[in-house]
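*Asks:* Our numbering puts the first residue of the sequence shown at 9, with every later residue one more than the last. Every residue, glycine too, gets a C-beta built ideally from N, C-alpha and C. One structure follows; several queries about it will come next.
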Amino acid sequence: MTIIQIIILITAAGIGGAGAWFLRNKTHSEFLNILLSFSGAYLLGVVVLHLLPEVFAQTVQTTTAHAHNYSIAIFILLGFFIQLIIVQFTRGIEHGHMHLHEHLSKGYVFGVLFGLGVHAFMEGLPLADRSNDMHAVYWAIVLHKIPETFALATVLFFSYKNSVTASVLILFFALLTPLGSFAGKYLSEDAAINMHILIAIVCGSLIHISTTIIFEASGKAHKISLYKFLAIVVGAAISLLTLE
Numbered sequence: 009m010t011i012i013q014i015i016i017l018i019t020a021a022g023i024g025g026a027g028a029w030f031l032r033n034k035t036h037s038e039f040l041n042i043l044l045s046f047s048g049a050y051l052l053g054v055v056v057l058h059l060l061p062e063v064f065a066q067t068v069q070t071t072t073a074h075a076h077n078y079s080i081a082i083f084i085l086l087g088f089f090i091q092l093i094i095v096q097f098t099r100g101i102e103h104g105h106m107h108l109h110e111h112l113s114k115g116y117v118f119g120v121l122f123g124l125g126v127h128a129f130m131e132g133l134p135l136a137d138r139s140n141d142m143h144a145v146y147w148a149i150v151l152h153k154i155p156e157t158f159a160l161a162t163v164l165f166f167s168y169k170n171s172v173t174a175s176v177l178i179l180f181f182a183l184l185t186p187l188g189s190f191a192g193k194y195l196s197e198d199a200a201i202n203m204h205i206l207i208a209i210v211c212g213s214l215i216h217i218s219t220t221i222i223f224e225a226s227g228k229a230h231k232i233s234l235y236k237f238l239a240i241v242v243g244a245a246i247s248l249l250t251l252e
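Structural data, given as structure tokens:
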């Protein structure tokens, strides 16, 4: 990742955090739900159109060169279940689920921060790959970073009376994705196979996130609003435009 890319990522997180501060007295935002629907569809499109073909192509090349018989599908499934575990800590606030009507204990806040932190770190792992497909992935992560940070910041501003403490934690969270990219770079230097295994795990995680966002956009009544439907269609359509 370049310095400019890191700055853009942190800025996206800052936008989400600032939005949460301005709307800290409101527990529901229709715009946030529409943005989540858009980012979920775009994220799913990028995973299917770029990440999955890339990881399977790398697997064929690597297994031929190193005579390994790795089943990359297992690592994709592993990533899916890792995200399922993370959701137990975050209670799905990265999907737009915020339980601000509940008493937020320190354990709950720590669990949310820990879960989203692991998720943000994992998001950065594939960004260490410099292939052309990663540009689309990068922008998908930037886009998702806004509602993701908004959700975390809403919980933090609701939990901490001191906005400075919440802001420091948000900044720490914003740095985790670039740190994940650096970690992915060093892990991939040891063996070429490490990178596509890491990307496969992240694929599974992103598939869980994106599909959950899309399916839960309809709510308990299983009906989706016109605006959310259009947001999903536009998100998927824009992901198609990233194909070269």
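Quick check: what's the CA-CA separation for GLY243 versus TYR50?
*Replies:* The residue labelled residue 243 in the question sits at position 235 within the sequence shown. The residue labelled residue 50 in the question sits at position 42 within the sequence shown. Approximately 4 angstroms between the Cα atoms of the pair.
*Asks:* What whole-angstrom Cβ distance do MET9 and PRO134 have, given they're in contact under 8 angstroms?
*Replies:* On the sequence shown, position 1 is the one that residue 9 refers to. On the sequence shown, position 126 is the one that residue 134 refers to. So it is not a contact: roughly 11 angstroms between Cβ atoms.
*Asks:* Just to confirm, does ALA49 get its C-beta within under 7 angstroms of one of the non-hydrogen atoms of the ligand PLP?
*Replies:* Judged by which ligands are present, the structure shown has none, so any question about the ligand PLP falls away.
*Asks:* Using the Cα positions of ASN41 and PHE97, report the straight-line distance between them to the nearest angstrom.
*Replies:* Locating residue 41 in the sequence shown gives position 33, counting from the first residue. Locating residue 97 in the sequence shown gives position 89, counting from the first residue. Rounded to whole angstroms, ASN41 to PHE97 spans 21 angstroms at the Cα level.
*Asks:* For the alpha helix (DSSP H) that LEU57 lies in, which residues bound it at each end?
*Replies:* As a first step, residue 57 must be located in the sequence shown, where it is residue number 49. First-last for LEU57: undefined, no H or E at that position.
*Asks:* Between PHE180, SER233 and LEU251, which has its C-alpha nearest SER45's C-alpha?
*Replies:* Here residue 45 refers to the residue found at position 37 when the sequence shown is read from its first residue. For SER45, the nearest C-alpha among the options comes from SER233.
*Asks:* For ILE84, count neighbouring C-beta atoms within 10 Å of its own C-beta (all shown protein chains included) and say buried if the count is 16 or more, exposed if not.
*Replies:* Within the sequence shown, numbered from 1, the residue matching residue 84 stands at position 76. Result: buried.
*Asks:* By DSSP, does LEU251 sit in helix, in strand, or in coil?
*Replies:* As a working note, residue 251 is residue 243 in the sequence shown. LEU251: coil per DSSP, three-state reduction.
*Asks:* Could you tell me which of LEU121, LYS236 and HIS58 sits nearest to LEU248, measuring between CA atoms?
*Replies:* Residue numbering aside, residue 248 sits at position 240 when the sequence shown is read from its first letter. Nearest C-alpha to LEU248: HIS58.
*Asks:* Taking the straight line between their C-alpha atoms, what separation do you get for ALA159 and GLY25?
*Replies:* Mapped onto the sequence shown, residue 159 falls at position 151. Mapped onto the sequence shown, residue 25 falls at position 17. Computed Cα separation, rounded: 8 angstroms.
*Asks:* Fully enclosed by the segment 182-225, which alpha helix (DSSP H) runs are 4 residues long or longer?
*Replies:* You should have 200-224.
*Asks:* Using only the alpha-carbon positions, how far apart do LEU195 and GLY132 sit?
*Replies:* The residue given as residue 195 occupies position 187 in the sequence shown. The residue given as residue 132 occupies position 124 in the sequence shown. Taking the straight line from one Cα to the other gives about 12 angstroms.
*Asks:* Do we get a CB-CB distance below 8 angstroms when we pair PRO155 with the residues of chain D?
*Replies:* Going by chain labels, chain D is absent from the structure shown, which holds only one protein chain.
*Asks:* Taking 8 angstroms as the threshold (C-beta atoms), are ALA21 and ILE217 in contact?
*Replies:* Walking along the sequence shown from the start, residue 217 turns up at place 209. Walking along the sequence shown from the start, residue 21 turns up at place 13. Against a cut-off of 8 angstroms, the Cβ pair of ALA21 and ILE217 comes out as no contact.
*Asks:* Could you check which residue in LEU184, SER79 and VAL117 has the C-alpha nearest to that of SER167?
*Replies:* Here residue 167 is taken as the residue at index 159 of the sequence shown, counted from 1. Looking at the Cα atoms, VAL117 is the closest of the given residues.
*Asks:* What does the Cβ neighbour count give for ASN77, buried or exposed, with the cut at 16 atoms within 10 Å?
*Replies:* For this step, residue 77 is matched to residue 69 along the sequence shown. Bear in mind that the predicted position of ASN77 carries a pLDDT of just 45, short of 50, making it unreliable; the figure below should be weighed with that in mind. So ASN77 counts as exposed.
*Asks:* Label ILE11 either buried or exposed according to how many other C-beta atoms from any shown protein chain fall within 10 Å of its C-beta, with 16 as the threshold for buried.
*Replies:* Mapped onto the sequence shown, residue 11 falls at position 3. ILE11 is exposed by the Cβ-count criterion.
*Asks:* Let me check understanding here. Comparing Cα to Cα, which of VAL126, LEU60 and TRP147 lies closest to PHE181?
*Replies:* As a working mapping, residue 181 is identified with position 173 in the sequence shown. PHE181 has its Cα closest to that of VAL126, out of VAL126, LEU60 and TRP147.
*Asks:* Would you call PRO155 buried or exposed, if buried means 16 or more other Cβ atoms sit within 10 Å of its Cβ?
*Replies:* Locating residue 155 in the sequence shown gives position 147, where the first residue counts as 1. Label assigned to PRO155: buried.
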